[in-house]
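Have a look at the structure below, then the notes.
Numbering (this note's numbering), first residue to last: 51 to 590.
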């Protein structure tokens with residue numbers, strides 16, 4: 051099978067060659083999978099997460115495969131590769147839609163709705179899951195308990211978070227006496243103790259907002275008073291509340307409880323255009339993780355309690371709760387064309403494209419652009435009030451401008467010249483079967499990440515270099531000749547690393563058994579045998 055040959059080539063390349071990008075000839079055979087998505091999963095602190103269970107659900111789940119063409123979905127070094135079966139490629143007005151559910155012990159379950167439109171051939175998205183024991187800055191996690199009598203509260207019970215971990219506001223939950231607890235089926239739970247996990251999120255901290263439910267502030271599945279729609283959340287306050295009795299999750303209460311969320315005092319209320327104040331009204335929405343949908347719960351009035359702006363409301367169920375503003379979004383994607391007089395034909399430039407509303411990043415896309423491939427599509431952006439910020443691989447801001455026009459319009463974003471532009475680095479791999487003179491055209495396509503060299507035990511900090519197409523990539527993101535880099539290649543369901551490699555300006559190599567060719571350092575005899583067997587299968 052070609053898959054094994056490609057895997058051999060990837061292993062040989064990254065384990066042996068000093069210039070790891072040298073013609074990295076690997077492949078997610080793009081002849082088979084036309085639409086692929088790479089999902090980077092981190093913990094909010096920049097660390098990749100792998101010990102999670104992955105479930106693909108939703109409308110088109112049956113048409114989603116891993117990049118090796120099977121239905122086994124695993125996180126490898128914090129990376130999940132997905133592809134659409136070619137018989138179900140998206141068409142105009144008929145996108146592919148599914149959900150990615152990530153769950154694991156010690157983590158809050160994250161359920162990410164995915165929509166792939168026609169033309170979105172290769173996507174790289176990033177999502178974060180909350181490790182309740184190692185929350186990122188701006189999230190305060192409390193795990194209080196309370197005694198029960200006959201499975202109910204004997205008196206009024208108060209549970210709350212504390213100002214900690216750079217979250218200066220708190221959430222307070224008040225349950226009246228005689229409150230009983232019910233599971234998802236409405237059955238009353240029995241037990242002598244109530245356990246809770248309360249995660250209060252400070253939305254003014256970018257690190258905290260990374261774990262926003264659904265994977266981002268934009269959702270295409272929001273139940274509003276006027277019907278189901280797409281929209282964008284601008285949170286002033288956010289909390290997730292989980293409870294259990296006797297080891298069974300609590301979903302409902304026999305009577306309303308009160309949730310009081312202290313909100314960001316610097317929040318700009320889009321309803322008034324000013325800083326939030328007592329008497330303002332903000333929307334309250336809840337998120338049902340299992341269904342990956344938001345639901346309007348009502349409006350809440352801002353009160354000053356203990357000197358803090360607070361929104362308190364009653365509820366009979368548990369979930370995520372968001373207090374803030376909600377604005378309608380475009381029903382589909384919006385196209386952005388990135389241009390710059392300094393861009394050079396044939397070179398790929400890794401960029402981060404961010405959509406911002408009211409000072410918050412509501413959507414982010416990793417893209418490698420070139421002169422000929424310079425269109426970025428962002429799904430369900432707000433209909434108005436959106437600014438686009440573009441940063442290069444060093445985090446330097448190259449553009450910041452408001453977008454205009456209708457949802458279907460194309461906006462052109464002009465990129466300013468970066469302060470530093472490295473020399474061009476090209477990478478190309480060839481393959482030669484034993485006993486043959488000519489190389490063969492096993493030309494792979496895969497995702498390639500890089501970072502400045504670090505200890506191998508540290509697996510954080512990788513950034514997208516680009517998509518290596520048919521064994522070739524050209525970039526200015528690397529400094530040739532002097533700087534050591536670590537590389538991570540993602541192909542099929544495999545992730546391969548190369549550490550502390552120095553690249554040349556022109557990196558070309560051939561996998562084979564001849565003089566100066568690559569056959570691997572760890573197990574060259576086995577690698578050669580695999581190469582011989584695969585070449586024989588192909589009649590080469």
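Note that CB positions come from ideal geometry on N, CA and C, so glycine has one too.
Asked	Found
Let me know the alpha helix (DSSP H) ranges lying completely inside the region 135-167, each 4 residues or longer, listed in chain order.	none
Compute the distance between the beta-carbons of residue 437 and residue 428, then report whether it is under 9 Å.	no
Within this structure, are the beta carbons of residue 283 and residue 374 separated by less than 9 Å?	yes
Helix, strand or coil for residue 434, going by three-state DSSP, please let me know.	coil
Hey, residue 403 and residue 414: beta-carbon distance below 9 Å or not?	yes
Going by other Cβ atoms of all chains shown within 10 Å of its Cβ, with 16 needed for buried, is residue 395 buried or exposed?	exposed
Can you find the residues in the same chain that come closer than 6 Å, C-beta to C-beta, to residue 343, ignoring five residues on each side of it along the sequence?	271
Using C-beta distances below 7 Å, list every residue in its chain close to residue 424, excluding the 5 sequence neighbours before and after it, in chain order.	387, 388 and 389
Quick one, are the C-beta atoms of residue 211 and residue 308 less than 9 Å apart?	no
Could you check the C-alpha separation between residue 433 and residue 190 for me, to the nearest Å?	33 Å
Pick out the complete beta strand (DSSP E) segments inside the region 78-124, 3 residues or longer, and give them in chain order.	86-92, 103-107 and 114-116
The alpha helix (DSSP H) with residue 528 in it runs from where to where?	Where residue 528 is concerned, there is no enclosing alpha helix (DSSP H), given that its DSSP letter is neither H nor E.
Out of 442, 97, 359 and 522, which has the shortest C-alpha to C-alpha gap to residue 477?	522
Where does residue 227 land, buried or exposed, given buried means 16+ other C-beta within 10 angstroms?	exposed
Nearest to residue 466 by CA position, among 503, 392 and 410, is which residue?	392
Does the Cβ of residue 136 have 16 or more other Cβ atoms within 10 Å, making it buried, or fewer, making it exposed?	exposed
Taking residue 153 and residue 102 to be in contact with their CB atoms under 8 Å, please state how far apart those CB atoms are, rounded to whole angstroms.	6 Å
Classify residue 140 as buried or exposed, calling it buried when 16 or more other Cβ atoms lie within 10 Å of its own Cβ.	buried
Determine which residues share a DSSP beta bridge with residue 386 and list them.	426 and 461
When DSSP labels each residue in this structure, what does residue 306 get in the three-state scheme?	strand
Rounded to the nearest angstrom, how far is the Cβ of residue 147 from that of residue 87, given a contact under 8 Å?	Not really, about 12 Å apart at Cβ, beyond 8 Å.
Thinking C-beta only, is residue 319 closer than 9 Å to residue 286?	yes
Could you pull the start and end residues of the alpha helix (DSSP H) that residue 259 belongs to?	256-259
Is it the case that the region 297-315 contacts the region 355-375, given that we only count it when at least three CB pairs across the two stretches are under 8 Å?	yes
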